[in-house]
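Participant: Under our numbering, the residue at position 204 of the sequence shown is numbered 215, and the numbers go up by one with no gaps.
Just so you know, even glycine gets a beta-carbon here, dropped at the ideal spot from N, CA and C.
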Amino acid sequence: MRGWKGAVGAVGLALLLVGCSGGASEPEAEPLGKDTGIRYDKSRVPTVRDMTCDRKRGSVRYGLNARKDESLPAHQGEKDSEDYVCHGPDRISLAVGGRTVAAPHIAAEYDLYAAVPDPLKTVKTVYTKSLAEDDERTLVGEPETVTTRTAAITCQKNVLETFPMTTCLWANHGAVGAVDFYPPAGRHPEIAEAVARTKELIATGLVESPR
């Protein structure tokens with residue numbers, strides 16, 4: 012987090028991990044398709060299974076701050092960037108600076124652009140600049156990249172302060188996002204679960220522009 016985002020700050024985009032005990036073992040991938048021309052007016056509060064999501068409020072900034080890709084054409088709407096947090100039924104408490112703070116299960120950022128010509132290239136660039144070069148985080152293992160018909164997603168386990176996080180960066184042809192999954196059980200959320208949650212965030216958190 013710098014802010015908390017600097018404090019839990021770079022406590023950095025998140026997965027549930029309410030009952031994330033099971034299921035997905037390997038992220039499922041499919042070839043990234045061609046640009047369909049879909050663009051977005053704005054982002055909105057996403058809908059995530061078994062969780063309650065809302066717009067981030069207050070001065071505390073949860074989640075990784077994905078660095079903007081200045082090479083991409085700017086979004087023309089009023090709001091090109093927005094943050095949201097999602098909470099599961101079980102509270103996550105983290106010890107930060109001698110005090111205990113409540114953290115969300117997921118912190119998600121949406122950055123809109125007029126176009127993202129190559130989502131896979133963009134997600135690799137944003138991953139490098141936002142996460143791999145973040146000196147507040149220690150990377151654990153190797154990143155995993157999955158593509159869908161419309162988006163590219165790269166996820167990486169990491170440690171912020173002493174917190175085992177899983178972070179996913181994603182890009183489609185009109186938006187780029189970052190998602191931090193906080194540790195609901197004191198361990199890294201599994202990447203397969205993080206990928207599944209990130210797909211939900213992409214599918215439900217964007218408002219398409221009228222054609």
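Classify R120: buried if its beta carbon has 16 or more other beta carbons within 10 angstroms, exposed otherwise.
Facilitator: Against the sequence shown, residue 120 aligns to sequence position 109. The identity of residue 120 in the sequence shown is Glu, whereas the question assumes Arg. Buried.
Participant: Quick check: what's the CA-CA separation for L171 versus E93?
Facilitator: Sequence index remark: in the sequence shown, residue 171 carries index 160 (1-based). Sequence index remark: in the sequence shown, residue 93 carries index 82 (1-based). L171 and E93: Cα-Cα distance of roughly 22 Å.
Participant: Quick check on A163: does DSSP put it in helix, strand or coil?
Facilitator: Locating residue 163 in the sequence shown gives position 152, where the first residue counts as 1. In this structure, A163 counts as strand in the three-state DSSP scheme.
Participant: Taking only the alpha-carbon atoms, compute the straight-line gap between K140 and T133 and give it to the nearest angstrom.
Facilitator: As a first step, residue 140 is located in the sequence shown; it is residue number 129 there, counting from the start. As a first step, residue 133 is located in the sequence shown; it is residue number 122 there, counting from the start. If I take the Cα positions, the gap works out to 11 Å.
Participant: Output yes or no for whether 8 Å exceeds the beta carbon distance between V151 and K135.
Facilitator: Working through the sequence shown from its first residue, we reach residue 151 at position 140. Working through the sequence shown from its first residue, we reach residue 135 at position 124. Contact flag unset, no.
Participant: Of all the options A125, V96, A205, which has the alpha carbon lying nearest to the alpha carbon of A113?
Facilitator: Stepping through the sequence shown from its first residue, residue 113 is reached at position 102. Nearest C-alpha to A113: V96.
Participant: Can you tell me whether D61 is buried or exposed? The criterion is at least 16 other CB atoms within 10 Å of its CB, across all chains shown.
Facilitator: As a working mapping, residue 61 is identified with position 50 in the sequence shown. D61 is exposed by the Cβ-count criterion.
Participant: Rounded to the nearest angstrom, what separates L217 and A125 at their Cα positions?
Facilitator: Counted from its first residue, the sequence shown places residue 217 at position 206. Counted from its first residue, the sequence shown places residue 125 at position 114. For L217 and A125, the distance between alpha carbons rounds to 14 Å.
Participant: Starting from the Cα of V107, find the closest Cα among L212, T173, H184 and give me that residue.
Facilitator: Looking up residue 107 in the sequence shown gives position 96. When L212, T173, H184 are compared, the shortest CA-CA separation from V107 is found for T173.
Participant: Distance, Cα to Cα, I213 vs P84?
Facilitator: Start at 1 with the first residue of the sequence shown, and residue 213 comes out as number 202. Start at 1 with the first residue of the sequence shown, and residue 84 comes out as number 73. Each residue's alpha carbon lies about 20 Å from the other.
Participant: Looking at the structure shown, is I213 part of a helix, part of a strand, or coil, going by DSSP?
Facilitator: Numbered from its first residue, the sequence shown carries residue 213 at position 202. I213: helix per DSSP, three-state reduction.
Participant: Let's test the definition: count the other Cβ atoms within 10 Å of the Cβ of G81 and tell me whether it reaches 16, buried, or not, exposed.
Facilitator: For the purposes of this step, residue 81 is identified with residue 70 of the sequence shown, where counting begins at 1. The question names Gly, but residue 81 in the sequence shown is Glu. With fewer than 16 Cβ atoms within 10 Å of its Cβ, E81 is classed as exposed.
Participant: Bridge partners of D94, per DSSP?
Facilitator: Here residue 94 refers to the residue found at position 83 of the sequence shown. D94 is bridged to E120.
Participant: Would you mind working out which of V157, R198, M176 sits nearest E147, comparing C-alpha positions?
Facilitator: Translated into positions along the sequence shown, residue 147 becomes position 136. Checked all of V157, R198, M176; the closest Cα to E147 is M176.
Participant: Measuring straight from C-alpha to C-alpha, what distance separates P200 and Y193?
Facilitator: As a working note, residue 200 is residue 189 in the sequence shown. As a working note, residue 193 is residue 182 in the sequence shown. If I take the Cα positions, the gap works out to 7 Å.
Participant: Just verifying my parser: in three-state terms, what is the DSSP assignment at T156?
Facilitator: As a working note, residue 156 is residue 145 in the sequence shown. In this structure, T156 counts as strand in the three-state DSSP scheme.
Participant: Sorry if obvious, but does the Cβ on R66 come closer than 7 Å to a heavy atom of the ligand GTP?
Facilitator: With respect to the ligand GTP, the structure offers nothing, as it holds no ligand at all.
Participant: Assuming K45 contacts K90 under a Cβ cut-off of 8 Å, what Cβ separation, rounded to an integer in Å, is found between them?
Facilitator: In the sequence shown, the residue the question calls residue 45 occupies position 34. In the sequence shown, the residue the question calls residue 90 occupies position 79. 28 Å between Cβ atoms; not a contact.
Participant: Going by beta carbon distance, what residues of the same chain come within less than 7 Å of A162, once the five residues before and after it are set aside?
Facilitator: Numbered from its first residue, the sequence shown carries residue 162 at position 151. Answer for A162: P130, W181, A182, N183, I213, listed in chain order.
Participant: Report back the beta-carbon spacing between A189 and T178 to the nearest angstrom; my notes put them in contact at under 8 Å.
Facilitator: For the purposes of this step, residue 189 is taken as the residue at position 178 of the sequence shown. For the purposes of this step, residue 178 is taken as the residue at position 167 of the sequence shown. So it is a contact: roughly 7 Å between Cβ atoms.
Participant: Name the residue from C64, G48, H116 whose alpha carbon lies nearest to the alpha carbon of P221.
Facilitator: In the sequence shown, residue 221 corresponds to position 210, counting from 1. Among C64, G48, H116, the Cα nearest to that of P221 is on G48.
Participant: Name the DSSP bridge partner or partners of I103?
Facilitator: Against the sequence shown, residue 103 aligns to sequence position 92. The secondary-structure analysis by DSSP pairs I103 across a beta bridge with A114.
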